[in-house]
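By the UniProt record's numbering, the letter at position 10 of the sequence shown is numbered 10, and the numbering carries on one by one without gaps.
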Amino acid sequence: MPPSPYNKPITKFNQMKKKKVREAKKALGVVKVHKKVKVELVSSKRTKKNQRKMEHKQRCLMQQAAGSSNPKGAEQSAGTTDVAMEDIAKAAKREQAKLAKKARKANKMES
């Protein structure tokens with residue numbers, strides 16, 4: 001069985017040969033130089049969750065910055081909108097659920 005051409009040993013000579021061939025092709029305009037394309041991954045639940053967390057952190061920081069730097073911003077952040085109130089309520093609910101889960105787990109461990 002002849003050795004496969006795909007797993008040639010990577011020697012300095014082979015590397016140089018490949019490089020030269022590539023450069024020659026580029027010079028001839030055979031090889032298209034690919035632009036880097038940003039690939040949007042089909043994100044999993046975890047990445048989406050992390051993204052939401054980051055967005056929330058940024059929003060909080062923005063509100064704090066607005067509150068500390070100019071009085072108008074402070075007034076705006078003080079008069080929270082309905083959406084913000086819903087967010088806060090959801091967050092509080094989530095925290096309570098976490099605590100309840102921890103308590104259940106602790107009870108299970110004891111019994």
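All residues carry an ideal CB built from backbone N, CA and C; glycine is no exception.
Rounding to the nearest angstrom, what Cα-Cα distance links residue i and residue j in this structure?
| i | j | result |
| --- | --- | --- |
| Lys20 | Asp87 | 59 Å |
| Ala103 | His56 | 27 Å |
| Ala106 | Thr11 | 60 Å |
| Lys45 | Ala84 | 23 Å |
| Ala91 | Met109 | 27 Å |
| Gln63 | Lys101 | 31 Å |
| Ala65 | Arg52 | 20 Å |
| Arg59 | Lys49 | 15 Å |
| Asn7 | Lys26 | 25 Å |
| Gln96 | Thr47 | 23 Å |
| Asn14 | Gly29 | 22 Å |
| Ala98 | Asp82 | Here residue 98 is Lys; the residue named in the question, Ala, does not match the sequence. Their backbone Cα atoms lie some 24 Å apart in a straight line. |
| Arg22 | Met54 | 42 Å |
| Met16 | Leu61 | 52 Å |
| Lys18 | Ala24 | 10 Å |
Check the Cβ-Cβ distances between residue i and every residue of chain B, and say whether any is below 9 Å.
| i | result |
| --- | --- |
| Ala106 | Here chain B cannot be found, since the structure has a single protein chain. |
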